[in-house]
Amino acid sequence: MDVTPTSSTDQTDLAALTNPNASPTLAPPVLTIDGDRLWSDLMELATIGAYDDEATDLIGVNRQSLTDEDAAGRRLVIRWMEEAGLIVTVDPMGSIFGRRAGLRDDLAPVMAGSHIDTVGTAGAFDGCLGVLAGIEAVRTLNDRGITTERPLVVAAFTEEEGVRFGTDMLGSAVAAGRISLEDAHALTDADGLTFGEELERIGFAGAAPVLLDPPHAYVECHIEQGPVLLREDVALGVVTGVQAISWQRVALHGRAAHAGTTPTELRADAGLAAAQVIVHVRAMVDSGRYGRLRGTVGHIAASPGLPSVVPDRAEITVDLRNPEDHHLEAAERDLAAFLDTLPDTQPGLRVETQRMARTRPVPFDEGVQDTIEKSAADLGHPVRRLMSGAGHDAQEIAAIAPTAMVFVRGQYDGISHNPREYSTPEDCAAGASALANTIVRLSQEETR
Ligand code: HGY
Ligand code: MN
Ligand code: MN
C-alpha cells in the first residue's frame, strides 16, 4: 500500500486530512491500496467452503448463508476488521458492521460493503471483493495515519444471494426497511430450518438496531459478473443502477402412474408440465415483446424421480429480470396466464406458485457515480458506465442513502456464480483503490 502524494500540494492535502481544523474541501491525496494484501485475503477467505467442482475441475466455493462455513467466514472477516481497528457490531439479521471514527464523528458515516455469503457453486470474488476492499481501504488509511472527516463503516450483509432462504439481498433489505425482521426470520431453507433458528445456531443474532441509520453515502465494489468491461478492455466500471428482479417458485401437482401401463390420455404428468413452463419462459424472452427480458429456470426437480414412474410432482424456480419494470410486469402476467391454462391440458393437474423475491429497477446516485469516476481517473483508469444485470446490496441501501457501485472486470466472459469466476490481482487492486479514494472524497463532503 502506498499513499503517493505526487506533488507538494498533495503533501498539504495529506496534512489537511489529518488536521481537524483544515478545510475539508482540499482534494485528498491519491491512495493506492496494498494489492497483495487484498489478494491474499480474497484467496484465504475462498478456502472456507472450498470444494472440488467436478463440472469445471476447479476448486469452487460453497459458503451459503448461516452454514458453519459462513460462520467461519464471518469470524475471519471480523478478525480482519478488528485487526484494522474497526469497532464491530452485528445486527439481528447477522449483518456485520465495522466502524472507524472520523474527525467529525457525529456526522453520518460513509459506508462501503457487500456480502460474503455465496451461491453453492461460487468463485472467490462475488461479494467478498467488496467487503475485503472496504477493509483494505481502512488498512490503507491506517498505514498513512489518515483520519477522514466522516466516520467510515465497512459492512457485510447477510444472505445477499438468497439461494438458501429464497429471497436475495435479504440482510440489506431488512436493514433498509423493505422486508420486516419477522418475515425474514421466518423464511425457511429446503430442509425446513428457519433463518432465525440458523442465525441463533451459528451465534450471529446481533443486538445492533434492525434498521440502519442512513449513511452519508454507500459505495460497493463488486466483480462485474458479465462480459462488458472485458470486451471493451476497461478495468473498472461505474454502475448506473440495477435491473428489476422477479423470483417465483412453481409447483406442479400431477398423478403418479406406471410409465408403461398408463395410457397417455389418462396421465397428469407433472414433469411434462414443468417442461412446458420452461419452454414458455424462453419463448417469452425470444418473442421480443418484453424488451431486454432475461428468464432462467435454475431449479428443476421432479418426484419421485424414478425412470418407470410418471412424475406426480415437479418444482421449478423462475427468475425473470428486466431493466424496465413495465416489461417485467407484463412478462409476469404472461407467465401467470400460461400457468392458468395448464390444468386444461392434463386432467387433474394442479399448479401452485409462490412469490420468492421481487425488486424494482434501482437507479444509482449520479453524484456518487461521478465521485467514483473521478477517483478512478486519479488512478489513471478510464471507466465505462453500465447497468448491473445482477442484484446487489447496494440496490437496497440506495433506498436510504446516495449509493453507487464500482465494477471490476471479470475474465472468461465475466462468468460468475461458477468456480470459473475470476478477476486479476491488478484489476481487484484497481477497484479497491478506486473504492478507497471514493470513500475518502465522500467523507469530506458537508452534505449531499
Ligand atoms: O441474484 C443476483 O443477482 C445476486 O447474485 N443475488
Ligand atoms: Mn454479489
Ligand atoms: Mn451473486
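Each position in the sequence shown, counted from 1, maps to that position plus 2 in this note's numbering. Heads up, the beta-carbon is just placed ideally off N, CA and C, and yes, glycines get one too.
Secondary structure of residue i, DSSP reduced to three states
i	result
residue 245	coil
residue 334	helix
residue 203	helix
residue 275	helix
residue 81	helix
residue 439	helix
residue 358	strand
residue 310	coil
residue 414	helix
residue 142	helix
residue 419	coil
residue 24	Annotation note: pLDDT 45 at residue 24 (below 50); position unreliable, coordinate value reported separately. Coil.
residue 450	coil
residue 136	helix
residue 34	strand
residue 284	helix
residue 328	helix
residue 347	helix
residue 208	coil
residue 352	strand
Boundaries of the alpha helix (DSSP H) in which residue i is found, first to last residue
i	result
residue 304	Here residue 304 belongs to no alpha helix (DSSP H); instead the beta strand (DSSP E) covers 302-305.
residue 45	37-47
residue 187	183-188
residue 371	368-380
residue 397	395-399
residue 121	Unbroken run through residue 121: none, as it is neither H nor E.
residue 233	230-233
Residue i Cβ short of 8 angstroms to ligand 3 heavy atom set
i	result
residue 403	no
residue 408	no
residue 227	yes
residue 241	no
residue 320	no
Check: residue i C-beta below 8 angstroms from any heavy atom of ligand 2
i	result
residue 129	yes
residue 392	yes
residue 425	no
residue 163	yes
residue 224	yes
Element boundaries [beta strand (DSSP E), containing residue i]
i	result
residue 321	315-324
residue 154	154-159
residue 60	60-63
residue 392	Run containing residue 392: none; DSSP gives neither H nor E here.
residue 173	Taken as a continuous stretch (DSSP letters only), residue 173 belongs to no beta strand (DSSP E), being part of the alpha helix (DSSP H) at 172-177.
residue 91	89-92
residue 218	Premise fails: residue 218 is in no beta strand (DSSP E) and is neither H nor E.
residue 455	Here the chain comprises residues numbered 3 to 450, so residue 455 is not present and cannot be evaluated.
residue 298	296-298
residue 101	98-102
Proximity test, residue i beta-carbon vs ligand 1 heavy atom, cut-off 8 angstroms
i	result
residue 329	no
residue 247	yes
residue 419	yes
residue 358	no
residue 170	yes
residue 364	no
residue 112	no
residue 452	In this structure the chain extends from 3 to 450, so residue 452 is not present and cannot be described.
Beta-carbon gap between residue i and residue j smaller than 9 angstroms
i	j	result
residue 245	residue 323	yes
residue 405	residue 156	no
residue 392	residue 311	no
residue 321	residue 247	yes
residue 2	residue 214	Past the edges of the chain, shown from 3 to 450, lies residue 2, and the structure says nothing about it.
residue 129	residue 117	yes
residue 254	residue 279	yes
residue 211	residue 153	no
residue 51	residue 75	yes
residue 173	residue 161	yes
residue 318	residue 208	no
residue 137	residue 86	yes
residue 123	residue 57	yes
residue 337	residue 282	yes
residue 139	residue 437	yes
residue 1	residue 359	One cannot answer for residue 1 here, as it falls past the ends of the chain, which runs 3 to 450.
residue 68	residue 134	no
residue 218	residue 33	no
Any chance the region 221-239 sits against the region 396-414, with 3 or more Cβ pairs inside 8 angstroms? yes
Stretch pair the region 265-274 + the region 366-374: three plus CB contacts closer than 8 angstroms: no
Counting beta carbon pairs with one atom in the region 192-203 and one in the region 217-236, are three or more of them shorter than 8 angstroms? Contact fails: fewer than three Cβ-Cβ distances are below 8 angstroms.
Touch check for the region 372-384 and the region 296-307: three-plus C-beta pairs under 8 angstroms? no
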